[in-house]
Amino acid sequence: QKEVEQDPGPLSVPEGAIVSLNCTYSNSAFQYFMWYRQYSRKGPELLMYTYSSGNKEDGRFTAQVDKSSKYISLFIRDSQPSDSATYLCAMSSNSGYALNFGKGTSLLVTP
Amino acid sequence: GAVVSQHPSWVICKSGTSVKIECRSLDFQATTMFWYRQFPKQSLMLMATSNEGSKATYEQGVEKDKFLINHASLTLSTLTVTSAHPEDSSFYICSARDTAGWGNEQFFGPGTRLTVL
Numbered sequence: 001q002k003e004v005e006q007d008p009g010p011l012s013v014p015e016g017a018i019v020s021l022n023c024t025y026s027n028s029a030f031q032y033f034m035w036y037r038q039y040s041r042k043g044p045e046l047l048m049y050t051y052s053s054g055n056k057e058d059g060r061f062t063a064q065v066d067k068s069s070k071y072i073s074l075f076i077r078d079s080q081p082s083d084s085a086t087y088l089c090a091m092s093s094n095s096g097y098a099l100n101f102g103k104g105t106s107l108l109v110t111p
Numbered sequence: 001g002a003v004v005s006q007h008p009s010w011v012i013c014k015s016g017t018s019v020k021i022e023c024r025s026l027d028f029q030a031t032t033m034f035w036y037r038q039f040p041k042q043s044l045m046l047m048a049t050s051n052e053g054s055k056a057t058y059e060q061g062v063e064k065d066k067f068l069i070n071h072a073s074l075t076l077s078t079l080t081v082t083s084a085h086p087e088d089s090s091f092y093i094c095s096a097r098d099t100a101g102w103g104n105e106q107f108f109g110p111g112t113r114l115t116v117l
C-alpha cells in the first residue's frame, strides 16, 4: 500500500461548481499537509499548508485535515477555468523532511 | 516572496554528455533543497535531499555517481546528470525549504525539461 493515495481523475466540472479533492494516507506520523497546483510543464505551486488537524481557508480554497480518519481534502469554491490543473497533495512527518506526494488529480473546469 | 528559479528551463543533449541544472532560492535562504524527477502524467519522485555544506542523501535506486548534487551555498544547489542517456529524459524539479520559515513549507522551481538524444 502506498503511503499517500489520491484519485488521478480526470475530474471535470462546470464553471462555478464546488470542487472536492481528497487524499488518504496510511502513516499516522504525518503532521504537515500541503496542497500544490501544477500546470502542465510547470513546477508545483504551493496552495495551502496546514499543520495537524483542522480547517484552513484562503479565498476560494479550503483545506481540511482529519487525522483520525487519515483523510485530507481541498475544496475549491466558484471554480474557474483557470483552476484547470493537476492538484497534488503532499505530507510529511517532521519539519525539514522530504514530502510524500499523491499521484495528483487532474481537474478540468469547463466554461 | 519564496521564489525558486531553475536554469536552464529546457535542455537537449547528446547521449554520453553531462548536463548541469541549477536551482536557486531567490529571496530566502535554504538549508535544505530537494530534487525530484517527474515522468509524463506521473507524480513527483524524490531523487535526493541536498543539505548545504554536506553530502546529499539519495533515495533508494538513484545512482549517486550518475546524479551529482552540490549544495555549496544557502541559495544554490546543482544537479549534474553525468553520461546522460535517453532514459534520463525527464522533467527535473527542485524545491527549497525556507530556513527561516515555520514548519515544512517547500517551494518549487519551474522545472527543467531534459531531452537526451
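Just so you know, the protein sequences line up as chains A and B, in that order. Residue 1 is where the first sequence starts when you use my numbering, and the numbers rise one by one after that. Residue 1 is where the second sequence starts when you use my numbering, and the numbers rise one by one after that. Virtual Cβ for every residue (Gly too), placed ideally from N, Cα, C.
* Complete runs of the beta strand (DSSP E) confined to the stretch 30–96 of chain B [at least 3 residues] -> 32–38, 45–51, 67–73 and 76–81, all fully within the stretch 30–96 of chain B.
* Taking A/Ala63 as part of the beta strand (DSSP E), name the residues at either end of that continuous run. => Phe61 to Asp66
* Please confirm if B/Arg24 has its CB atom under 8 Å from at least one CB of chain A. => no
* To do: From the DSSP output, in three-state form, read off A/Asp83 for me.
  => helix
* Asked: List, in order along the chain, the chain A residues whose C-beta lies closer than 8 Å to that of B/Arg113?
  -> Arg41
* Asked: For B/Arg24, which residues does DSSP report across the bridge?
  -> B/Arg24 is bridged to B/Ser5 and B/Leu76.
* To do: Compare the C-beta of A/Leu88 with all C-beta atoms of chain B and state if any pair is closer than 8 Å.
  => So yes, A/Leu88 belongs to the interface.
* Asked: Based on Cα-Cα distance, which residue from B/Pro110, B/Thr75, B/Thr80 and B/Gly109 lies nearest to B/Thr99?
  -> Put simply, of B/Pro110, B/Thr75, B/Thr80 and B/Gly109 the residue whose alpha carbon is nearest the alpha carbon of B/Thr99 is B/Thr75.
* To do: Please classify B/Lys39: is it buried, with 16 or more other beta-carbons within 10 angstroms of its beta-carbon, or exposed?
  => Reading the sequence as shown, one finds Phe at residue 39 of chain B and not Lys. B/Phe39 should be labelled exposed.
* To do: Over the uninterrupted beta strand (DSSP E) stretch that includes A/Leu107, give me the two end residues.
  => Thr105 to Thr110
* To do: Answer yes or no: do A/Tyr71 and A/Thr24 have a C-beta to C-beta separation smaller than 8 Å?
  => yes
* Contact set between B/Gln106 and chain A, taken where Cβ atoms lie within less than 7 Å -> Neighbours of B/Gln106 on chain A, chain order: Leu99.
* To do: Give the C-beta separation of B/Lys20 and B/Thr80 to the nearest angstrom, bearing in mind that I take them to be a contact with Cβ-Cβ under 8 Å.
  => 5 Å
* Any beta-carbon of chain B closer than 8 Å to the one on A/Lys67? -> With 8 Å as the cut-off, A/Lys67 does not count as an interface residue toward chain B.
* To do: Please look up how many angstroms separate the CB atoms of B/Phe28 and B/Thr49, rounded, as I've assumed it's under 8 Å.
  => Going by Cβ atoms, the distance from B/Phe28 to B/Thr49 rounds to 18 Å, so no, they are not a contact pair.
* Asked: Mind checking whether B/Thr78 and B/Pro8 have CB atoms under 8 Å apart?
  -> With a cutoff of 8 Å on beta-carbon distance, B/Thr78 and B/Pro8 are scored as not near each other.
* What does DSSP give as the partner residues of B/Gln106 in its beta bridges? -> B/Arg97
* Is there at least one Cβ from chain A nearer than 8 Å to B/Phe39's Cβ? -> By this cut-off, B/Phe39 is not an interface position.
* What are the boundary residues of the beta strand (DSSP E) that A/Ile18 is part of? -> From DSSP, A/Ile18 is part of no beta strand (DSSP E); its letter is neither H nor E.
* To do: Return helix, strand or coil for A/Ala73, following the three-state DSSP convention.
  => In the sequence under discussion, the amino acid at residue 73 of chain A is Ser, which differs from the Ala named in the question. DSSP places A/Ser73 in strand when its eight states are reduced to three.
* Asked: Which residues does DSSP pair with B/Arg113 in a beta bridge?
  -> Answer by DSSP bridge pairing, in chain order: B/Trp10 and B/Phe91.
* To do: Quick one: list the residues of chain B neighbouring A/Gly104, beta-carbon separation under 9 Å, in chain order.
  => Result: Lys41, Gln42, Ser43 and Leu44.
* Tell me A/Lys56's beta-bridge partners as DSSP assigns them. => A/Ala63
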